[in-house]
Amino acid sequence: MSLLELRDLAVTYRTADGRVPAVRGVSLRLDEGQTLGIAGESGCGKSTLAAAVLRLLPRTAKVTGEVLFQDEDVLTMRWGRLRAVRWAGASIVFQGAMHSLNPVQKIGKQIAEPILLHEPKVTPAAAAKRVASLLEQVGLPAWRASGYPHELSGGQKQRIMIAMALACSPNLIVADEPTTALDVMIQAQVLRLITGLVAERGISMIMISHDLSVLSVTCERLAVMYAGRVVEEGPAHEVFTGAQHPYAQALAFAFPVIGDERSRLRPRGLGGDPPDPADLPSGCSFHPRCPVAEPECTSVETALWPAGPARVAACIRVRPDRAAARAASAAPGEEAG
Amino acid sequence: MTAPVKPAGPGPGTAGPGTAMLSADGVAVRFAGRGRRAAARAVDGVNLDIAAGEIVALVGESGCGKTTLARTLLGLEQPTEGQVRFAGEPLSYRTGALKGYRRAVQLILQDPTGSLNPRHTVYEAVAEGVRIHRLGDEERRVADALARCGLRPPERFFQRYPHELSGGQRQRVVIAGALVLEPQVLIADEPVASLDASVRGEILSLLLRLRDDLGLAALVVTHDLGLAWNIADRLAVMYLGRIVEAGPPEQVFASPRHPYTRALMSVLPESPGEPVVLTGEPPDATRIPAGCRFHPRCPELASGAAAAAGVDSRCRGVALPVLPAAAPDGHSMAACHLADVTPEPDDAP
């Protein structure tokens, strides 16, 4: 059963410079217990997408399409129902934990707050007990509950955020760059913690990052976004090691595999700059930076075409007519080989 | 892939000690503690040479002292012990002498948005150094520096403001501001950490190109091992104020000898095998453990491997010597009691 389904989700911000489309028609599906990674660089719409899932966008955002959470549309939900879904149904771990905690409130109180709000029957004493066990689950001693956020390091604060996200036993966790700004070793600790807890409790997870290599090991499926659209989706490891969309390829190469001679003293990047959402290129929006662009790319209307088992990509090189032509021309060669 | 390793950099300057452009010689930096707190030994004895035409990556967790070391090399911090030498001469901290030094050794910071004055145009940002150092021929110098950093045609960028540029372009402007003074050394503190993944490679390529074309020496401070693999000729791993392993990246990455380096590598997403996740936060420079400074977190000591090799009491009680700036044979070196008694795994090709 699908836990979360986005159907043609589009988000447009009204700004002083006119309408800026941030998400332009994204359809994604997440099953119960599944983990999905969303990759892309700043401005590609990935954080907007995450916020849209729980209707956390500002009023200047116009949202169209459907966000079905357990077959209920979050976008048209009544306010009271939405409050119930937030935290208890789905929760978010934002990036920059240091800014998300209240500096003048004790940690235990902050973790207990969603529990007391969502489960009125729970007494403060019972909530405190749950806080202690949550802290333990994220690897912190229970006495930290009586401390303040400034007493903690960045990694510890991020653990607190994870404990809060788990407080009401949600079915879905959305983690938006949960490890950015953390050290390598701490990042590994936090990633292990999240993936361990998610697997143990059978929770679904959407993890958002610009680091494809992190997503490829923490998630089952991976969607790569560019300029407000998904340009490739498939099993995480396959997308990471054999991306079909040139942008997904570039992202995968951006973080080299140590020991890979091809990247030694040869950093690989992508020319040009991320597109301005207010002024997107025509045709395939990636064509100005694309190393394999063709004349047709400046005007073609791309869609997500099948690109292998359980995989789709939005590049004309995998378009069915092209794929068929390539298969036909490649076939004799294969027989010979 | 671990044939006898020679830094892959261009010829000049990579030969060995003596040709160092910038070096730290037994440098220690202590910050006095407030009240009853002990002094923090942020840098606790470091030898490091950076030769012309060489990129050295300094890697470590936050709090390991890598930024303090970089600031000391820049002359922003005076070492409590040891000295910084530039082209063989000890650094003088008189204001007049430092001015020339600050032209020769340039700093590039992590966040280009924070490094640029939002109310200065690109031209003003890059020309500022030229004016301070009274180099003259301002416009040509600015245009050259911008063009060298890939902002072409440079005139098109003169009147732009930082907010009109993308993150990658801003970092190019920052690098141009450093280059315009024709420095001999660049010190870059996390130069790509705040940039988008796809832009990262372009900026790293730029640093490599500057090394090749201008023979610049560079120290890149980072926590990103992939960056070191991408551009560094030499790698130094820092832990709690000391360099614990150093050598050519090919060698260090293929056969890391210090357990800390091994742990850092094992937590990379794509690395094979079980990650060695060190428990606890990076330790405290005000309380450096006795013996090997890594021993409270050392997985080799915890697993009994050190005891099996008969060095566990040394790990706990005997401090390690400071690593020299370069091993005489150009090999990697590690400050580890266990590595000292373990033969190097693949010495022969």
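Residue numbers (numbering that gives the first Met the number 0), protein chains in the order written: chain B, 0 to 336; chain W, 0 to 348. Even for Gly, the Cβ is constructed at its ideal location relative to N, Cα and C. No experiment lies behind these values; they were computed from the predicted model shown.
Would you kindly report the start and end of the unbroken alpha helix (DSSP H) that includes residue i?
i, result
"Val-317/W", "Note, Val-317/W: premise wrong, no alpha helix (DSSP H); not H, not E."
"Thr-194/B", "183 to 200"
"Val-92/B", "Unbroken run through Val-92/B is the beta strand (DSSP E), 89 to 92; no alpha helix (DSSP H)."
"Arg-33/W", "Careful: Arg-33/W lies outside any alpha helix (DSSP H) and carries neither H nor E."
"Ala-69/W", "65 to 72"
"Ala-231/W", "Note, Ala-231/W: premise wrong, no alpha helix (DSSP H); not H, not E."
"Pro-290/B", "Per DSSP, Pro-290/B belongs to no alpha helix (DSSP H) and is neither H nor E."
"Leu-340/B", "Here chain B has residues from 0 to 336 only, and residue 340/B is not among them."
"Glu-257/B", "Note that residue 257/B is Ile in the sequence shown, not Glu. First-last for Ile-257/B: undefined, no H or E at that position."
"Ala-48/B", "Per the sequence presented here, residue 48/B reads as Leu, with Ala not at that position. Note, Leu-48/B: alpha helix (DSSP H), 45 to 52."
"Ser-215/B", "211 to 217"
"Gly-176/W", "166 to 178"
For residue i, list the residues DSSP reports as bridge partners.
i, result
"Pro-305/B", "Val-311/B"
"Val-28/W", "Val-42/W"
"Tyr-160/W", "Per DSSP, none; premise fails for Tyr-160/W."
"Glu-231/B", "Val-223/B and Ala-312/B"
"Phe-68/B", "Leu-3/B and Glu-71/B"
"Met-332/W", "Ala-245/W"
"Arg-147/W", "DSSP, once it has assigned bridges, lists no residue as partnering Arg-147/W."
"Ala-50/W", "Ala-19/W"
"Val-10/B", "Val-22/B and Val-62/B"
"Ala-304/W", "DSSP output for Ala-304/W lists no bridge partner at all."
"Arg-350/W", "In the structure as shown, chain W starts at 0 and stops at 348, and residue 350/W therefore has no counterpart that could be examined."
"Ala-56/W", "Val-219/W and Leu-234/W"
"Arg-371/W", "This structure gives no information on residue 371/W, because the portion of chain W shown stretches from 0 to 348."
"Arg-85/B", "Ala-89/B"
Thinking C-beta only, is residue j closer than 8 Å to residue i?
i, j, result
"Pro-311/B", "Glu-232/B", "Looking at the sequence shown, residue 311/B is not Pro but Val. Closer than 8 Å, so yes."
"Gln-136/B", "Leu-196/B", "yes"
"Leu-267/W", "Pro-248/W", "no"
"Gly-128/W", "Leu-180/W", "yes"
"Ala-289/W", "Gly-316/W", "yes"
"Arg-292/W", "Tyr-238/W", "yes"
"Ser-197/W", "Glu-40/B", "yes"
"Leu-72/W", "Ile-242/W", "no"
"Val-173/B", "Ala-49/B", "yes"
"Ser-22/W", "Leu-57/W", "no"
"Ile-287/W", "Arg-93/W", "no"
"Val-104/W", "Ala-126/W", "no"
"Arg-199/W", "Ala-251/B", "no"
"Ala-27/W", "Val-42/W", "yes"
"Asp-210/B", "Ile-91/B", "no"
"Gly-74/W", "Leu-97/W", "yes"
"Leu-115/W", "Pro-161/W", "yes"
"Arg-13/B", "Thr-47/B", "no"
"Ala-358/W", "Ala-324/W", "Look at the range of chain W in this structure, 0 to 348, and you will see that residue 358/W is not part of it."
"Trp-86/B", "Cys-167/B", "yes"
"Ile-230/W", "Pro-57/B", "no"
"Gly-44/B", "Ala-21/B", "yes"
"Gly-64/B", "Arg-6/B", "yes"
"Gly-36/B", "Ser-208/B", "yes"
"Gly-240/W", "Gly-64/W", "yes"
Would you give the residue range spanned by the beta strand (DSSP E) that residue i belongs to?
i, result
"Asp-30/B", "17 to 30"
"Pro-295/W", "Where Pro-295/W is concerned, there is no enclosing beta strand (DSSP E), given that its DSSP letter is neither H nor E."
"Val-184/W", "184 to 188"
"Ala-38/B", "34 to 38"
"Ile-207/B", "203 to 208"
"Leu-218/W", "216 to 221"
- Query: Quick one, which residues of the stretch 57 to 68 of chain W are near chain B if we go by CB-CB under 8 Å, in chain order?
  - Reply: Glu-60 and Ser-61
- Task: Taking a Cβ distance cut-off of 8 Å, strictly less, list which residues of the stretch 171 to 203 of chain W are near chain B, in chain order.
- Result: Asp-195, Ala-196, Ser-197, Val-198, Arg-199, Gly-200, Glu-201, Ile-202 and Leu-203
- Task: Starting from the N-terminal side, write out each stretch of the alpha helix (DSSP H) that is 4 residues or longer and does not extend beyond the stretch 74 to 127 of chain W.
- Result: 94 to 103 and 111 to 114
- Query: Taking the runs of the beta strand (DSSP E) that are 3 residues or longer, which of them lie wholly in the stretch 235 to 301 of chain W?
  - Reply: 241 to 246
- Query: Quick one: complete alpha helix (DSSP H) runs, 4+ long, within the stretch 128 to 178 of chain B?
  - Reply: 153 to 165
- Output, in sequence order along the chain, the residues in the stretch 218 to 250 of chain W whose CB is closer than 9 Å to any CB in chain B. His-222, Asp-223, Leu-224, Gly-225, Leu-226, Ala-227, Trp-228, Asn-229, Ile-230, Ala-231, Asp-232, Pro-248 and Glu-249
- Can you list, in chain order, the residues of the stretch 289 to 313 of chain W whose Cβ is nearer than 9 Å to any Cβ on chain B? none
- Task: Taking a Cβ distance cut-off of 7 Å, strictly less, list which residues of the stretch 295 to 324 of chain B are near chain W, in chain order.
- Result: none
- Task: With 9 Å as the C-beta to C-beta threshold (strictly closer), list the residues of the stretch 205 to 225 of chain B near chain W in chain order.
- Result: His-209, Asp-210, Leu-211, Ser-212, Val-213, Leu-214, Ser-215, Val-216 and Thr-217
- Query: Closer than 8 Å, Cβ to any Cβ of chain B: which residues of the stretch 251 to 263 of chain W, in chain order?
  - Reply: Phe-252, Ala-253, Ala-262 and Leu-263
- Query: When you check each C-beta in the stretch 161 to 173 of chain B against every C-beta of chain W, which residues fall closer than 8 Å?
  - Reply: none
- Message: Beta carbons nearer than 7 Å to chain W: which residues of the stretch 253 to 268 of chain B have them?
- Response: Ala-253, Phe-254, Pro-255, Val-256, Ile-257, Gly-258, Glu-260, Ser-262, Arg-263, Leu-264, Pro-266, Arg-267 and Gly-268
- Could you list the residues in the stretch 27 to 41 of chain B with a C-beta less than 8 Å from some C-beta on chain W, going in chain order? Glu-40 and Ser-41
- Got a sec: which bits of the stretch 138 to 172 of chain W sit with their beta carbon under 8 Å from any beta carbon on chain B, in order along the chain? Ser-165, Gly-166, Gly-167 and Gln-168
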